[in-house]
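Single-structure report; data block below.
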Amino acid sequence: MSPQADARAGVGERSEEEGPAGRGPDSSAYSLAGSRADSPAPVRAGSRSGLRAASRPGRWWVAGAVLLVAWSLWGSGIGREPVLNPPGWPSLRSFFAAALSPDLSADFLRRTLDATLVTIAFSLLGTVLAVLTGLVGGVLMSEAWWQRGGRAPGRGAPVRGPRSRAPGWLLTRIALGIPRGIHEAVWGIILLVILGRDPLVGILALAIPFGVITAKVYAEIIDETPPGPYDALITAGAGRLLAFVYATLPRIWGDLLAYGFYRFDCALRSAVILGMIGAGGLGFELITAFQGLAYERMWTLIYALIALGWLFDRWSASLRHPGRARWKRTSLLLGAALTVGSLLYLRPDLARLVSARTWERAGAMLADAIPPSLPSTWADLLGDAAATVQMSVLAIVVGSGIGVVAAFLGVHQVGDGPVRAAVAALCRVLLLTIRAISPPVWALLLLFVVLPGPLPGALALGLYNAGVLGRLFTEVLETMDRRPVLSLQLLGAGRITTFVYGVLPLVAGRFTAYALYRWEIAIRETVVVGVVGAGGLGRVLESQRASFDYSGMLTVVIALLLLSLLVDLASASARRAWR
Amino acid sequence: MSAAEPPALQLDGVTVRYGTRTVLDASFTVDPGEKVALVGPSGAGKSTALGLANGSITPSSGTVTTLGTDLGVASRRRMRTVRARIGTVHQRLDLIGPLAAIHNVNAGRLGHWGLWRSLASLVRPLEVETAHAAMSRLGIEELAATRTERLSGGEQQRVALARIIVQDPALVLADEPISSLDPQRARVVMGLLADVVGEGDRALLVSLHDFDIARGMCDRVIGLRQGRIAFDLPAPEVTDQHRDELYRLPA
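Top line first, the protein sequences correspond to chains A and B. Under the numbering used here, the residue at position 568 of the first sequence is numbered 568, and the numbers go up by one with no gaps. Under the numbering used here, the residue at position 58 of the second sequence is numbered 637, and the numbers go up by one with no gaps.
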């Protein structure tokens, strides 16, 4: 599989979003494509200053990043005001102490199993709906579908211009940015108001943003497929749909399926978060156990989450291998059976979708929400927005820092001694564990010992992202070309020198790209730590929901959208500058 | 060349086995300043011989002595000192793509510089004059600040050779440096390599497919076939018959 397809299939934990497909770190960024023609003008040899400038092409970006991090640190209040809450330490200690004694009573195990099934059912139904949306939407959004639509057959190969030049491209991106800019949790909060308490809320909260993302990725897959066979059928007089089903679909089937599985993996994590805001399942049980200070029970649930994550990780990894057609078919059948089972298990009340009451509530909510109103003052809104950005920045700094260390310790190579192998295994288990504890749970735990504000949120997101980034970094290290490093060793360079001259430059680009990519996701995830009280716009949103202030909510949602758009733009241009 | 100077490289009863397969079973010596070509079909053990010379491959039996040091018993530190005096041109160059060309050239000094000087050089290149002199000899001084991965294949080849110049090694190992080049470019690269190696008293061990180049450039030609030495002759004595014999497919 090409690196790109691999990234798209994303499997495991590439990212909660599209996976770095297409525009992500794995695509052409690190190829040798940059021919002399587009390389910067050679700097005159003798000039030392020229040398220094050119060896750091992204000087302004580095300066900007340093400033951003400094500003975020300042915002966290470290060194300016008390941030720790020492009386909470014993509680945190007893939480971690309980890790070794999870509640394994038959009664609670049954409850955990039930909650696990609920979480799986939500994720599965949400994913299936998202994939169906993605299929229809992906075809409709693909250039291949439209560009040849009005073309007389047989007039040569259609020309596909770069997408960026197509009219309305920016508008399309913004329109698509709205559903995916709003975190699943916010969709959950909104849908809860409209639909009332029903499994539908959880399913739709997953299906709406995931559906749009899936459609976008599917459209990319369709457009990347060589059009020959499709064109041939069109030329032979077949309709577009028929030509698509016969000529294109069979060739991209594997990619579509792999991405669907990856989406499911993301859905599992999101379902836990949705559970916390009332959808039920493992998230709900976690919150209940936390409120009852039943740490042993929390650990039972966390172990269930780890097992679940590991299981589906294995499953999707097994589907990544080429071949194994039979296993893929079996997986699909299994998925279909599970979907039906999930429907029967959750019994969502589909009638609610069209009932008069729903429309009434939706109408009332809209009437209340428009025009949007300021939650308090502009200054407050800007302050909360700033805190949100600071939170996301610190989260990525913390996450990358821990992630890099964990990756270098956790990388496993042929010929490692037993000690090294044990350290690597331990690191991987740790990464898996901190990934399994979702950000809101981390936030709740940190709120024992850190006073509310951006800091606990940043740390919670940071820890979670350390789990994700650590794993991504490990993959980079394991797949890197080690020959240049060996060539340095053969020059007699020492260990540290080899590392700094060889390993670091070779992986820094992809590390940065992944960190920036996670930043885009972190800014959206600030909501879920805010909801439990960690600060930022998420916290505002939660208090507005509690007081039915829909017009205020609309303002905050718009602010969140703008922020995530801003971060997307900053991250994308930083990635471009790095190339 | 003083009589006391040890051979640049000595393989003494060396075998390399993977499982039951013997990929190399050979003994030969390269004197200081001597240019030796290794020729032979793919899989004859040429790369293995070169790997033994710089210690990246450990022999199953026998001893490898490079620049007077028995690599089999050399301490880690000793190994580094020896390696600092061996210049290797890899088949695929193996430069650090994201670093500027000058850092890749200066990497030749890493075995001589201590840790701190090496790190400092990444921030502000050290010994720039030496590096520039080397690069301008190869006609790439303009590219010092360009990221290496943006250079063309030919330019990267020159960066690798400039690295050898600044490293100033006593022994140069080159593993099929021209196998992926067309005849025209192969001549140019071999000319540059000869130029780089020619100065001082550097020994050269180069693996090649092209007999004419081997005969024209080297003092001695060693023919390898299925891991064993088929012939080891002064260059003028090597004939086309030797070549045909060496490349004959096994019946």
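We treat Cβ as the ideally placed atom computed from N, Cα and C, and that holds for glycine.
From the options, residue whose alpha carbon lies closest to that of residue i
i, options, result
"B:D823", "B:V593, B:D791, B:P813", "B:D791"
"A:L491", "B:G733, B:E816, B:G666, B:L730", "B:G666"
"A:E224", "A:T248, A:L506, A:R435", "A:T248"
"A:R545", "A:A99, A:S91, A:D368", "A:D368"
"A:G535", "A:D380, A:L566, A:A466, A:F473", "A:D380"
"B:V641", "B:A782, B:V595, B:L689", "Contrary to the premise, residue 641 of chain B reads as Gly rather than Val in this sequence. Checked all of B:A782, B:V595, B:L689; the closest Cα to B:G641 is B:V595."
"B:E573", "B:R671, B:L828, B:T818, B:D780", "Any answer about residue 573 of chain B is impossible in this case: the structure gives chain B only from 580 up to 830."
"B:L760", "B:Q670, B:R662, B:A782, B:G619", "B:Q670"
"A:G470", "A:F511, A:P454, A:Q489", "A:F511"
"A:L73", "A:P456, A:V532, A:F448, A:V528", "A:P456"
"A:L100", "A:L445, A:L109, A:L129, A:T300", "A:T300"
"A:G88", "A:L447, A:E525, A:S270, A:V500", "A:L447"
"B:G634", "B:E734, B:L588, B:R794", "B:L588"
"A:L562", "A:G79, A:A406, A:I370, A:R180", "A:R180"
"B:I744", "B:R688, B:D798, B:Q763", "B:R688"
Proximity below 7 Å, CB of residue i to CB of residue j
i, j, result
"A:A207", "A:L191", "no"
"B:A713", "B:A753", "no"
"A:V556", "A:L537", "yes"
"A:G137", "A:A267", "no"
"A:P484", "A:P348", "no"
"B:A710", "B:V684", "yes"
"A:V411", "A:E478", "yes"
"A:D265", "A:F312", "yes"
"A:A436", "A:I306", "yes"
"A:W61", "A:A574", "yes"
"A:E285", "A:A115", "yes"
"A:G278", "A:V118", "no"
"B:V800", "B:V817", "yes"
"B:G624", "B:G802", "no"
"A:S438", "A:V272", "yes"
"A:R539", "A:G530", "yes"
"A:N465", "A:A395", "yes"
"A:V354", "A:L444", "no"
"B:I719", "B:P704", "no"
"A:V83", "A:L463", "no"
"B:D604", "B:G806", "yes"
"A:M365", "A:Y230", "no"
Interface residues of chain B facing residue i [CB-CB closer than 8 Å]
i, result
"A:T479", "Under the 8 Å cutoff, chain B gives no residues; its nearest Cβ is about 15 Å from A:T479."
"A:Y501", "I675, L678, H682, A686, L689, S697, L701"
"A:G509", "P677"
Where the beta strand (DSSP E) through residue i begins and ends
i, result
"B:G641", "640-645"
"B:R737", "It is not in any beta strand (DSSP E) - B:R737 instead sits in the alpha helix (DSSP H) that spans 732-746."
"B:P677", "Element bounds for B:P677: n/a, residue is neither H nor E."
"B:T667", "665-668"
"B:L787", "782-787"
"B:A605", "600-609"
"B:Q589", "588-597"
"B:D754", "750-754"
"B:A809", "807-813"
Residues that residue i contacts on chain B, provided the C-beta gap is smaller than 7 Å
i, result
"A:T497", "L689, L694, S697"
"A:A577", "Under the 7 Å cutoff, chain B gives no residues; its nearest Cβ is about 13 Å from A:A577."
"A:L516", "Neighbours of A:L516 on chain B: none; closest Cβ ~16 Å, over 7 Å."
"A:P505", "I675, P677, L678"
Under 9 Å by beta carbon: chain A residues contacting residue i
i, result
"B:S635", "L486, Q489, L490"
"B:R657", "None at all; the shortest Cβ gap to chain A is about 10 Å."
"B:Q763", "Correct list: empty, because the minimum Cβ distance to chain A is about 20 Å."
Range of the contiguous alpha helix (DSSP H) that encloses residue i
i, result
"B:L694", "694-702"
"B:G618", "Before going further, note that residue 618 of chain B is Val rather than Gly in the sequence given. Careful: B:V618 lies outside any alpha helix (DSSP H), inside the beta strand (DSSP E) at 614-618."
"A:V419", "418-436"
"B:R688", "Run containing B:R688: none; DSSP gives neither H nor E here."
"B:F790", "790-796"
"A:A356", "356-369"
Contacts of residue i in chain A (Cβ-Cβ under 8 Å)
i, result
"B:R781", "None at all; the shortest Cβ gap to chain A is about 15 Å."
"B:R662", "Q489, L490, L491, G492"
"B:H669", "R483, S487"
Under 9 Å from the C-beta of residue i: neighbouring residues of chain B
i, result
"A:A407", "Per Cβ cutoff of 9 Å: no residues; A:A407 is ~18 Å from chain B at best."
Chain E within 7 Å of residue i, Cβ atoms only
i, result
"A:P229", "In the displayed structure, chain E is absent; the protein chains listed are A and B."
**OP:** Could you list the residues in the region 715-743 of chain B with a C-beta less than 7 Å from some C-beta on chain A, going in chain order?
**Re:** Only those residues of the region 715-743 of chain B whose C-beta falls short of 7 Å from the nearest C-beta of chain A are listed: E720, E721, L722, A723, A724, T725, E728, R729, S731.
Original post:
When Cβ atoms are compared, which residues of the region 818-830 of chain B fall closer than 8 Å to chain A?
Top reply: The residues in question: there are none.
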